[in-house]
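Novice: Here the protein sequences line up with chains A and B, keeping their order.
Sequential numbering from 1 applies to the first sequence in my numbering.
Sequential numbering from 1001 applies to the second sequence in my numbering.
Idealized CB from N, CA, C, for every residue including glycine.
Following this message is one structure expressed as structure tokens.
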Amino acid sequence: SQQGEEDPQALSIQEGENATMNCSYKTSINNLQWYRQNSGRGLVHLILIRSNEREKHSGRLRVTLDTSKKSSSLLITASRAADTASYFCATGDDKIIFGKGTRLHILP
Amino acid sequence: GAGVSQSPSNKVTEKGKDVELRCDPISGHTALYWYRQSLGQGLEFLIYFQGNSAPDKSGLPSDRFSAERTGGSVSTLTIQRTQQEDSAVYLCASSPTSGSYNEQFFGPGTRLTVL
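If you want it as structure tokens, here you go:
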């Protein structure tokens, strides 16, 4: 079964708005990663947050981790058309388990 | 520097034929992974190589699937007697080492279509 489950499955927002995606997982983790995928091809690593971290920033990205609730969120601020993609959370050390992703569509 | 490369980018084959998919990881990366992604789905782990250790084959869906990694670098994923349900994008990733806190670098994938 999938370790990470993203929510919502799909999200459409206006350019300039903030986009929030959530990820829930089932077992204890050492870290959680977020990836982006454009056009159904290769994934690009966005950010990794360790289990002892609660929040991490990278440019317009903010990731939070709540290990007590086994959940993480990815916030993209001031969205742009180029942010249109699918976003996946992933957990695991060697054998990385990906969720099914959130499809984000930025409307012009 | 060069990223992970995969070939071919697209492969169309007939049911029952064998196919080989190739992955060239980033030079110096010791860990290599294969994933499969069906249309609109998440990534399904297939197999993982780390250095000279025995590979983790726990994700291979059937004995028609096999993979090898020669010289700790290039990897080939072989699917024998392909079936229509094998149609998917096959993604390869590499990372500098294994274990926690390691980012995976993905190739562009091979889109396999079994007719």
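Name, please, each residue of chain A whose Cβ falls closer than 7 Å to the Cβ of residue 1109 of chain B.
Specialist: By one-based count along the second sequence, residue 1109 of chain B stands at place 109. In chain order: 41, 42.
Novice: For residue 1060 of chain B, which residues does DSSP report across the bridge?
Specialist: Taking the second sequence and counting its residues from 1, one reaches residue 1060 of chain B at position 60. Looking at the DSSP assignment, residue 1060 of chain B forms no beta bridge with any residue, so it has no partner.
Novice: For residue 88 of chain A and residue 50 of chain A, I'd like the C-alpha separation in whole angstroms.
Specialist: Looking up residue 88 of chain A in the first sequence gives position 88. Looking up residue 50 of chain A in the first sequence gives position 50. Roughly 16 Å separates the two Cα atoms.
Novice: Taking 8 Å as the threshold (C-beta atoms), are residue 1077 of chain B and residue 1021 of chain B in contact?
Specialist: Looking up residue 1021 of chain B in the second sequence gives position 21. Looking up residue 1077 of chain B in the second sequence gives position 77. Going by C-beta atoms, residue 1021 of chain B is nearer than 8 Å to residue 1077 of chain B.
Novice: Is the beta carbon of residue 1091 of chain B closer than 8 Å to that of residue 1065 of chain B?
Specialist: Position 65 of the second sequence, counting from 1, holds the residue named residue 1065 of chain B. Position 91 of the second sequence, counting from 1, holds the residue named residue 1091 of chain B. The answer is no: Cβ separation not under 8 Å.
Novice: So for residue 33 of chain A, helix, strand or coil by DSSP?
Specialist: As a first step, residue 33 of chain A must be located in the first sequence, where it is residue number 33. Strand.
Novice: Rounded to the nearest angstrom, what separates residue 1014 of chain B and residue 1085 of chain B at their Cα positions?
Specialist: Translated into positions along the second sequence, residue 1014 of chain B becomes position 14. Translated into positions along the second sequence, residue 1085 of chain B becomes position 85. Computed Cα separation, rounded: 12 Å.
Novice: For residue 82 of chain A, which of helix, strand or coil comes out of DSSP?
Specialist: On the first sequence, residue 82 of chain A is found 82 positions in, with the first residue counted as 1. In the structure shown, the three-state DSSP call for residue 82 of chain A is helix.
Novice: Anything in chain B within Cβ reach of residue 45 of chain A, meaning under 9 Å, just list it in chain order.
Specialist: Along the first sequence, read from residue 1 onward, the residue named residue 45 of chain A stands at position 45. Correct list: 1103, 1104, 1105, 1106.
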